[in-house]
Ligand SMILES: [Cu+2]
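Numbering (our numbering), first residue to last: 8 to 473.
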């Protein structure tokens with residue numbers, strides 16, 4: 008399929024009154040995405056060669072080469088983003104989606120980025136982590152005047168350092184980032200063989216507070232967000248990371264939420280090979296299965312995908328693998344509720360409790376309690392695997408390791424087929440469970456009487472008294 012098929016030109020149907028016609032002619036065309044699918048790799052047809060990245064549930068922005076300068080055109084604008092099937096959010100983004108498209112350049116490239124503001128308020132773009140002239144750093148008021156609505160600004164600098172970066176506004180920052188205005192940036196090394204991997208993925212961690220039944224994030228929320236997303240997608244809306252067995256895999260993650268996220272990979276150890284500051288020297292790396300990504304940080308992790316299967320990749324804060332629902336319900340484990348809930352709901356229609364045996368039953372709570380979910384609201388725990396409910400939402404996806412995939416095939420291969428005898432199963436013997444016995448008391452092999460001398464602080468002893 009032609010990559011062009013994925014895109015529509017944003018010109019049609021969009022008011023261009025903000026930008027004057029002669030100015031528009033000199034600007035690079037506006038390329039826009041109208042859906043949240045992971046798009047095909049964007050291979051460079053001009054400039055230095057590089058190995059492109061896959062933006063999870065996103066895409067990379069095409070450029071035009073003008074007198075040796077790579078020119079990109081970002082348009083900050085209100086967008087509608089599908090968070091997962093069944094829920095759409097009114098966000099702010101770039102070029103049709105939130106987050107905006109990934110910008111890919113090569114170390115040493117001269118880059119010119121036109122930024123058109125179609126938001127109702129002023130904005131700016133900060134190129135997070137880059138070496139650049141101070142006046143290109145995008146901090147409104149400090150390093151430049153803000154970009155007023157309808158205006159287009161031009162940023163220009165040389166991408167001096169290879170690595171993983173982000174871009175986001177530095178104007179009314181809290182509101183604009185709570186609305187989803189952000190994007191990823193990769194500066195590839197000049198030598199495509201340096202740190203080369205077989206598959207290279209990138210996404211941003213972001214979070215929203217969208218109350219059940221509504222479409223627009225609350226922008227003053229400090230910590231109590233209810234939608235934890237990767238590239239503004241919540242599980243099961245996040246695409247799987249599909250790799251071939253024995254591929255060397257890199258996953259680049261940036262955090263633009265208001266809290267940290269310990270990102271955990273199942274089945275493999277990885278090393279952190281890149282941070283905000285660049286590549287980690289090989290002698291300074293150590294193996295991990297979880298790496299904490301603080302606010303404003305980026306991490307590149309790498310591993311060899313040598314264990315076939317469907318491996319979970321998720322934030323280890325367990326309330327970050329849940330979707331929006333009330334979090335103020337009481338713990339009812341072991342409490343016999345009978346038809347109490349129904350009686351209370353006669354008085355308090357929205358009353359909900361956690362189940363008496365746990366929360367799994369909330370997966371089909373709507374049916375159980377004869378209560379439909381509010382409009383435009385994702386179930387709290389959702390997603391279905393080949394063995395039933397996964398009971399996850401939020402920052403959760405899978406790394407699908409398969410043999411026999413084609414070189415550029417990133418399509419979801421479906422559920423993993425487990426080899427015979429390599430799947431957890433019910434123990435089904437005729438024998439009864441053995442009776443429980445007391446754990447034996449711990450005994451030391453030899454128990455010499457220990458003499459402990461206690462020296463009280465301040466007490467005069469032979470060291471302090473002269
Ligand atoms: Cu998290």
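Quick reminder that beta carbons are idealized off the backbone N, C-alpha and C, glycines included.
Smallest Cα separation from residue i: which of the options?
i: residue 147; options: 176, 349 and 123; result: 176
i: residue 300; options: 315, 314, 313 and 281; result: 281
i: residue 260; options: 410, 174 and 306; result: 306
i: residue 106; options: 185, 324, 448 and 161; result: 185
i: residue 194; options: 151, 247 and 113; result: 113
i: residue 228; options: 449, 180 and 131; result: 180
i: residue 206; options: 396, 178, 402 and 311; result: 311
i: residue 285; options: 295, 202 and 255; result: 202
i: residue 411; options: 247, 239, 251 and 346; result: 251
i: residue 394; options: 421, 384 and 294; result: 421
i: residue 243; options: 448, 33 and 44; result: 44
i: residue 104; options: 116, 115 and 88; result: 88
i: residue 137; options: 283, 402 and 384; result: 283
i: residue 178; options: 127, 276 and 426; result: 127
i: residue 218; options: 426, 47, 448 and 384; result: 384
Mapping the DSSP letters down to three states, classify residue i as helix, strand or coil.
i: residue 40; result: strand
i: residue 163; result: strand
i: residue 5; result: Lying outside 8 to 473, the shown extent of the chain, residue 5 is not represented and no answer is given.
i: residue 180; result: helix
i: residue 289; result: helix
i: residue 143; result: helix
i: residue 221; result: coil
i: residue 68; result: coil
i: residue 432; result: coil
i: residue 13; result: Bear in mind that a pLDDT of 38 at residue 13, under 50, signals an unreliable position, so the number given afterwards is only what the model happens to contain. Looking at residue 13 - three-state DSSP - the assignment turns out to be helix.
i: residue 354; result: helix
i: residue 349; result: helix
i: residue 96; result: strand
i: residue 374; result: Model confidence at residue 374 stands at a pLDDT of 46, short of 50, so the residue's coordinates are unreliable; what they give is reported in the following sentence. Of the three classes helix, strand and coil, the one that applies to residue 374 here is helix, per DSSP.
i: residue 33; result: helix
i: residue 185; result: helix
i: residue 253; result: coil
i: residue 52; result: coil
Cα separation between residue i and residue j?
i: residue 405; j: residue 257; result: 14 Å
i: residue 317; j: residue 408; result: 7 Å
i: residue 279; j: residue 164; result: 28 Å
i: residue 95; j: residue 158; result: 28 Å
i: residue 415; j: residue 446; result: 55 Å
i: residue 528; j: residue 253; result: It is not possible to answer for residue 528, since the shown part of the chain is limited to 8 through 473.
i: residue 324; j: residue 273; result: 15 Å
i: residue 390; j: residue 329; result: 11 Å
i: residue 155; j: residue 129; result: 4 Å
i: residue 168; j: residue 118; result: 13 Å
i: residue 439; j: residue 303; result: 55 Å
i: residue 124; j: residue 265; result: 25 Å
i: residue 198; j: residue 162; result: 26 Å
i: residue 223; j: residue 97; result: 5 Å
i: residue 418; j: residue 62; result: 14 Å
i: residue 245; j: residue 174; result: 21 Å
i: residue 59; j: residue 111; result: 7 Å
i: residue 133; j: residue 236; result: 22 Å
i: residue 54; j: residue 196; result: 13 Å
i: residue 270; j: residue 314; result: 19 Å
i: residue 382; j: residue 149; result: 43 Å
i: residue 444; j: residue 200; result: 60 Å
i: residue 442; j: residue 430; result: 27 Å
i: residue 204; j: residue 57; result: 11 Å
i: residue 263; j: residue 99; result: 14 Å
i: residue 145; j: residue 388; result: 39 Å
i: residue 52; j: residue 398; result: 43 Å
i: residue 83; j: residue 182; result: 14 Å
i: residue 188; j: residue 166; result: 22 Å
i: residue 122; j: residue 319; result: 37 Å
i: residue 380; j: residue 386; result: 7 Å
i: residue 230; j: residue 74; result: 47 Å
i: residue 139; j: residue 170; result: 14 Å
Per DSSP, residue i forms a beta bridge with which residues?
i: residue 396; result: 391
i: residue 191; result: 173
i: residue 299; result: 269
i: residue 241; result: According to DSSP, which records beta bridges pairwise, residue 241 is partnered with nothing at all.
i: residue 204; result: Partner(s): none; residue 204 has no beta bridge.
i: residue 124; result: 83
i: residue 232; result: Beta-bridge pairing links residue 232 to no other residue.
i: residue 316; result: 408
### Message
Would you call the region 35-44 in contact with the region 56-71, where contact means no fewer than 3 C-beta pairs closer than 8 Å?
### Response
Three or more beta-carbon pairs separated by less than 8 Å link the region 35-44 to the region 56-71, which places the two stretches in contact.
### Query
Is the region 288-308 in contact with the region 80-92, if contact means three or more CB pairs nearer than 8 Å?
At 8 Å Cβ cutoff, the stretches do not touch.
### Task
State whether the region 77-86 contacts the region 211-221, with contact taken as three or more CB pairs (one from each stretch) at a distance under 8 Å.
As far as the Cβ criterion goes, the region 77-86 does not touch the region 211-221, which means the pair count is below three.
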